[in-house]
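>
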Amino acid sequence: MTNRAYVVGVGMTKFEKIQSRDWTYPQMVAEAVSGALGDAGIGYDRVQRAAVGYVFQPSTAGQRALYEVGLTGIPAVNVNNNCATGTSALLLAQEWVRFGAADVTLALGFEQMTREAMAGSGARPAVTTIDRHLAALKAAAGFGTAPLTTQFFGAAAAEHMRAHGTTREQLAAVAVKNHEHSTRNPYAQFQNAYTVEQVLADKPVHDPLTRSQCSPMSDGAAAAVIASERFVSEHGLGGQAVEIAAQALVTDDAESFASGSMIDVVGTPMTRRAGRQVFEAAGVGIEEVDVLEVHDCFSINELLTYEALGLCAPGESGALVESGATTYGGRWVVNPSGGLISKGHPLGATGLAQCAELSWQLRGLAEGRQVPGARIGLAHNLGLGGACAVTLYRGPRE
Numbered sequence: 001m002t003n004r005a006y007v008v009g010v011g012m013t014k015f016e017k018i019q020s021r022d023w024t025y026p027q028m029v030a031e032a033v034s035g036a037l038g039d040a041g042i043g044y045d046r047v048q049r050a051a052v053g054y055v056f057q058p059s060t061a062g063q064r065a066l067y068e069v070g071l072t073g074i075p076a077v078n079v080n081n082n083c084a085t086g087t088s089a090l091l092l093a094q095e096w097v098r099f100g101a102a103d104v105t106l107a108l109g110f111e112q113m114t115r116e117a118m119a120g121s122g123a124r125p126a127v128t129t130i131d132r133h134l135a136a137l138k139a140a141a142g143f144g145t146a147p148l149t150t151q152f153f154g155a156a157a158a159e160h161m162r163a164h165g166t167t168r169e170q171l172a173a174v175a176v177k178n179h180e181h182s183t184r185n186p187y188a189q190f191q192n193a194y195t196v197e198q199v200l201a202d203k204p205v206h207d208p209l210t211r212s213q214c215s216p217m218s219d220g221a222a223a224a225v226i227a228s229e230r231f232v233s234e235h236g237l238g239g240q241a242v243e244i245a246a247q248a249l250v251t252d253d254a255e256s257f258a259s260g261s262m263i264d265v266v267g268t269p270m271t272r273r274a275g276r277q278v279f280e281a282a283g284v285g286i287e288e289v290d291v292l293e294v295h296d297c298f299s300i301n302e303l304l305t306y307e308a309l310g311l312c313a314p315g316e317s318g319a320l321v322e323s324g325a326t327t328y329g330g331r332w333v334v335n336p337s338g339g340l341i342s343k344g345h346p347l348g349a350t351g352l353a354q355c356a357e358l359s360w361q362l363r364g365l366a367e368g369r370q371v372p373g374a375r376i377g378l379a380h381n382l383g384l385g386g387a388c389a390v391t392l393y394r395g396p397r398e
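At position 366 of the sequence shown (counting the first as 1) the number is 366 in the UniProt record's numbering, and the numbers step up by one without a gap.
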């Protein structure tokens, strides 16, 4: 028999342009964790285990980061799962609670990014984590000069346009929506609205993607306190306890590479499988979800995620975003935080920033960006090479 696991406190820093703020990663971690503990109304001494996610910092950086919070001697497990790192840490923290290893755990993600790390400076090793992805990209589109991730998703966008008639304006509409959403989010790296014309006229990165359709390099941290049902009951936290109703983490299978489709190579089959597992485990469908935070590392990936999670049929995502169905007043609100495109994307922190945003939304605390009546939220966190995590949240019980 398993226990229920609840998010009882969340905190995050503002996501910042890299090297624009004078801080160390232990300082950003202390800010995020203090916010989460204060939200939960507990001290760090109540936390029994910590899962700490990051991509570019050195081994045991999680322990060093937490020394600024407290020296309590608890186990700290360092997690690295590329862009899905934050939700992978959350998965570990909630499983400790769900399977009875602890009553209170901490999930933490942070990142201080550098251009050198993102460029993968130095000679390419004989084996890389994305060998199969590179082979597929070479066969489908050849290699360009843009950053590799942009080439992957640019090729997927071009394929979607050829196969379904998706337009540049529809791709731009994703960025317009998310940048507008971010104007309401004080934690977002960017807080400026754009028109479709401005997005299309922005600096080209890799055709058909322009700069404002691509997530930036960011610094920041986010954290969540996870607690058991017993702890929630004993400490009167029911009014703010957001249940992790279901969670799935998957990696690539043969389908990702069988067809040579770049849409498959960039993770659509993973999203589809993880979403299916979560909906089956929670006993709900996408039509019951109110608010989503999805991994819009590039505008095309939000469209691919609509299709993989069942918001629309394959090929219909461009028309869906243009219709207004995924913003305020529509059927769903997708990325009320501004998403990765506008909120920012410090790799290790992204999944936990999604957790924070959905917790605030389901508790009615999102202020100027609140989705009215939000009761069920879904987060989608994707990393190439390959990991995809989908999490379904239920709001506090009445």
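Where is the CB? At the ideal position from N, CA and C, for every residue including glycine.
Predicted, not measured: the structure shown is a model, and the values here were computed from it.
1. Any chance you could list the alpha helix (DSSP H) runs of at least 4 consecutive residues sitting entirely within the segment 34–81, in chain order?
2. What's the C-alpha gap between L37 and R369?
3. Using the beta-carbon count (16 or more within 10 Å), is S342 buried or exposed?
4. With 16 other CB atoms within 10 Å as the buried threshold, where does G120 fall?
5. Which value, in whole angstroms, describes the spacing of the CA atoms of N78 and G53?
6. Determine the extent of the alpha helix (DSSP H) in which E197 is found, giving its start and end residues.
7. Suppose contacts are defined by Cβ-Cβ distances below 7 Å. Is Y328 in contact with L362 by that definition?
8. Just the C-alpha distance for C355 and L292, rounded to the nearest angstrom, thanks.
9. Who are the near neighbours of G285 in its chain, counting only those whose CB is closer than 7 Å to its CB and skipping five residues on each side?
10. Mind the definition here: the segment 103–112 touches the segment 215–235 only if three or more C-beta pairs lie below 8 Å; say whether that holds.
11. Any contact between the segment 83–103 and the segment 133–143? By contact I mean 3 or more CB pairs, one from each, below 8 Å.
12. Do you know offhand how far F152's Cα is from M262's?
13. Taking the C-alpha atoms as reference points, what is the distance between T114 and G220?
14. Could you check how far apart the C-beta atoms of A32 and A274 are, in whole angstroms? I think they sit under 8 Å.
15. What are the start and end residues of the beta strand (DSSP E) that includes D219?
16. Would you tell me roughly how many angstroms separate the C-alpha atoms of L358 and G386, rounded to the nearest one?
17. Can you find the residues in the same chain that come closer than 7 Å, C-beta to C-beta, to T60, ignoring five residues on each side of it along the sequence?
18. Ignoring anything shorter than 4 residues, give me the alpha helix (DSSP H) runs that lie fully in the segment 156–182, in order along the chain.
19. Look at C195 and A389 and say whether their C-beta atoms are less than 7 Å apart.
20. Are the Cβ atoms of G100 and L352 separated by less than 7 Å?
21. Alpha carbon to alpha carbon, how far is R46 from A254? Give it in angstroms, no decimals.
In this structure, then:
1. 61–67
2. Along the sequence shown, one-based indexing puts residue 37 at 37. Along the sequence shown, one-based indexing puts residue 369 at 369. Each residue's Cα considered, the two are about 23 Å apart.
3. Translated into the one-based positions of the sequence shown, residue 342 becomes position 342. It counts as buried.
4. Working through the sequence shown from its first residue, we reach residue 120 at position 120. Interpretation of G120 is limited by its pLDDT of 48, a score under 50 that renders its predicted location unreliable; no figure is taken from the coordinates.
5. Along the sequence shown, read from residue 1 onward, the residue named residue 78 stands at position 78. Along the sequence shown, read from residue 1 onward, the residue named residue 53 stands at position 53. The straight-line gap from Cα to Cα measures roughly 6 Å.
6. Position 197 of the sequence shown holds residue 197. Where E197 is concerned, the enclosing alpha helix (DSSP H) stretches over 196–201.
7. The sequence position of residue 328 within the sequence shown is 328, counting from 1. The sequence position of residue 362 within the sequence shown is 362, counting from 1. Not closer than 7 Å, so no.
8. Indexing the sequence shown from 1 puts residue 355 at position 355. Indexing the sequence shown from 1 puts residue 292 at position 292. Cα-Cα distance, rounded: 10 Å.
9. Taking the sequence shown and counting its residues from 1, one reaches residue 285 at position 285. Answer for G285: F279, listed in chain order.
10. yes
11. no
12. Counting from 1 along the sequence shown, the entry for residue 152 is found at position 152. Counting from 1 along the sequence shown, the entry for residue 262 is found at position 262. Approximately 7 Å between the Cα atoms of the pair.
13. Position 114 of the sequence shown, counting from 1, holds the residue named residue 114. Position 220 of the sequence shown, counting from 1, holds the residue named residue 220. So the two alpha carbons sit approximately 13 Å from each other.
14. The residue given as residue 32 occupies position 32 in the sequence shown. The residue given as residue 274 occupies position 274 in the sequence shown. Not a contact, Cβ separation roughly 25 Å.
15. As a first step, residue 219 is located in the sequence shown; it is residue number 219 there, counting from the start. Start and end: 218–228.
16. For the purposes of this step, residue 358 is identified with residue 358 of the sequence shown, where counting begins at 1. For the purposes of this step, residue 386 is identified with residue 386 of the sequence shown, where counting begins at 1. If you take the alpha carbons of L358 and G386, they lie about 24 Å apart.
17. For this step, residue 60 is matched to residue 60 along the sequence shown. Excluding residues within five positions, the ones whose Cβ falls inside 7 Å are N78.
18. 168–182
19. As a working mapping, residue 195 is identified with position 195 in the sequence shown. As a working mapping, residue 389 is identified with position 389 in the sequence shown. Reading the sequence as shown, one finds Thr at residue 195 and not Cys. Going by C-beta atoms, T195 is not nearer than 7 Å to A389.
20. Here residue 100 refers to the residue found at position 100 when the sequence shown is read from its first residue. Here residue 352 refers to the residue found at position 352 when the sequence shown is read from its first residue. Not closer than 7 Å, so no.
21. The residue labelled residue 254 in the question sits at position 254 within the sequence shown. The residue labelled residue 46 in the question sits at position 46 within the sequence shown. The alpha-carbon atoms of A254 and R46 are separated by roughly 43 Å.
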